[in-house]
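Participant:
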Amino acid sequence: MKVIVCKDYDAMSKKAYEYMKECITSKKNAVLGLATGSTPVGLYKEMVADYKAGNTDYKDIVSYNLDEYVGIDRNHPESYYSFMHKNLFDLVDIKDENTHLPCGTTQADADAYEAQLQNANIDLQILGIGRNGHIGFNEPGTSFDMGTHVVDLTESTIEANCRFFDNDPNLVPKQALSMGIADIMKSKEVLVLASGVEKADAVKGMIEGSVTEECPASALQNHPNVIVIVDEAAASKLSK
Ligand code: GLP
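Position 74, counted from 1, in the sequence shown is what the numbering used here calls 1218; the numbers after and before it change by one each time, with no gaps.
Dropping the structure here:
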């Protein structure tokens, strides 16, 4: 793992965009694995700004998203489908048919997404990290061997995400479809972003902890090409 510590969220986002830009300019039809949540919003802003400046295009770029809630319509403002359209897809020239998100409610729906991922060959996977070390929606205890599956969200994730649902945990979906760790490990390069002191324990577990299903992100220690970009607060519990 290569670890880069940046001063703050903006610096983290700009540094992440350096890797993203290298990927999308060196390969016009690059395949991106994309994440949602607050963390990658700054990266997506950098992507949009550089696209609007005429320096990049997404005509042949293909994307696969990590996860999606179960039980809310994709047009719900807090669905990850809506998030991606609002923060990136509607703001650049990516083709709708080249964007992929999991969708549905059952393991059969998860299997259908898994079938798409089999031929995806993701070049660069963007990841945030949950406070409990989750990546995608792979919660602690998830087998590293799993592909796309239906997830029961933990109380801690429901609580963390209720800020998007009027601060009412009852409004947060209780399940999601998520790429599995096995899917994430197949991507050629992984870029993990984390910002804020509330991520410091998860970042420490990912980088310095033992490789254990109790910290899903620790699986990345076994990936050959991981870059972790964190701000100083998220790095504050690292020993070096
Ligand atoms: C969410 C998402 C993850 C995300 C993580 C952190 O629930 N499923 O993909 O990386 O939790 O979210 P945030 O970036 O908002 O802190």
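We put the CB at the ideal spot given by N, CA and C, even for glycine.
Since the model is a prediction, treat every value here as computed from it, not as a measurement.
1. If you measure between the beta carbons of Leu1261 and Asp1327, is that distance less than 8 Å?
2. If the criterion is Cβ atoms closer than 8 Å, does the pair Lys1146 and Ile1302 meet it?
3. Going by DSSP, what residue range makes up the alpha helix (DSSP H) through Asp1327?
4. Is Leu1268 closer than 8 Å to Glu1162 when the C-beta atoms are compared?
5. For Thr1169, I'd like the list of residues in its chain whose CB is within less than 7 Å of its CB, leaving aside the five on either flank, ordered along the chain.
6. For the candidate residues Gly1181, Ala1155, His1367 and Glu1358, whose alpha-carbon lies nearest to that of Glu1190?
7. Classify Thr1091 as buried or exposed, calling it buried when 16 or more other Cβ atoms lie within 10 Å of its own Cβ.
8. Spatial neighbours of Thr1243 within its chain, please: CB distance less than 6 Å, with the 5 preceding and 5 following residues excluded, ordered by chain position.
9. Take every Cβ of the region 1355-1362, pair it with every Cβ of the region 1240-1260, and state whether three or more of those distances are shorter than 8 Å.
10. Alpha carbon to alpha carbon, how far is Ile1273 from Asp1204? Give it in angstroms, no decimals.
11. Compute every distance between the C-beta of Asn1231 and the non-hydrogen atoms of the ligand GLP, then say whether any falls below 7 Å.
12. From the DSSP output, in three-state form, read off Asn1237 for me.
13. Check the C-beta distance from Leu1210 over to Gly1291 and give it rounded, since I have them as a contact under 8 Å.
14. Is it buried or exposed, Glu1126, if we count other Cβ atoms within 10 angstroms and call 16 or more buried?
15. For the candidate residues Ala1254, Lys1348, Thr1356 and Leu1337, whose alpha-carbon lies nearest to that of Asp1375?
16. Using C-beta distances below 8 Å, list every residue in its chain close to Lys1381, excluding the 5 sequence neighbours before and after it, in chain order.
17. Can you give me the Cβ contacts of Leu1178 inside the same chain, cut-off strictly under 8 Å, excluding the 5 residues immediately before and after it?
18. Does the beta-carbon of Gly1272, which I'm using as the reference point, lie nearer than 7 Å to any heavy atom of the ligand GLP?
19. Tell me whether Leu1181 counts as near the ligand GLP, meaning its Cβ is closer than 7 Å to at least one heavy atom of that ligand.
20. Taking the beta carbon of Asn1428 as the centre, do at least 16 other beta carbons fall within 10 Å, making it buried, or is it exposed?
21. Going by beta carbon distance, what residues of the same chain come within less than 6 Å of Leu1235, once the five residues before and after it are set aside?
Facilitator: Let me spell this out:
1. Yes. Within cutoff.
2. Cβ atoms of Lys1146 and Ile1302: not closer than 8 Å.
3. Segment Ile1325 to Met1329, the alpha helix (DSSP H) holding Asp1327.
4. No. Outside cutoff.
5. Short of 7 Å from the beta carbon of Thr1169, and not among the five residues preceding or following it, lie these beta carbons of its own chain, in chain order: Thr1200.
6. Ranking the options by Cα distance to Glu1190, first place goes to Ala1155.
7. Within the shown structure, residues of the chain are numbered from 1145 to 1384, placing residue 1091 beyond reach of any answer.
8. Apart from sequence neighbours up to five positions away, the residues of its chain that approach Thr1243 with a beta-carbon distance below 6 Å are Ser1207 and Phe1233, ordered along the chain.
9. Contact between the region 1355-1362 and the region 1240-1260 is absent, because fewer than three Cβ pairs lie under 8 Å.
10. Their Cα atoms are separated by approximately 28 Å.
11. No, the beta carbon of Asn1231 sits no closer than 7 Å to any heavy atom of the ligand GLP.
12. According to the sequence provided, residue 1237 is Asp. The question's Asn does not apply to it. When secondary structure is reduced to three states using DSSP, Asp1237 falls in the coil class, being assigned neither helix nor strand.
13. Separation of the CB atoms of Leu1210 and Gly1291 is rounded to 13 Å, and the pair is thereby denied contact status at 8 Å.
14. Shown here, the chain extends from 1145 to 1384; a query on residue 1126 therefore has no answer.
15. Closest by alpha carbon: Leu1337.
16. Only Ala1344, Asp1345, Val1347 and Lys1348 meet the Cβ criterion.
17. The residues Pro1184, Ser1207, Tyr1208, Asn1209, Leu1210, Met1228, Leu1232 and Ile1270, in chain order, have a CB closer than 8 Å to that of Leu1178 in the same chain once the five nearest residues on each side in sequence are set aside.
18. Yes - the ligand GLP has a heavy atom lying nearer than 7 Å to the Cβ of Gly1272.
19. Before going on, a small fix: residue 1181 reads as Gly here, not Leu. At least one heavy atom of the ligand GLP lies closer than 7 Å to the C-beta of Gly1181.
20. No answer is possible for residue 1428: the residues shown for the chain start at 1145 and end at 1384.
21. Only Val1192 meet the Cβ criterion.
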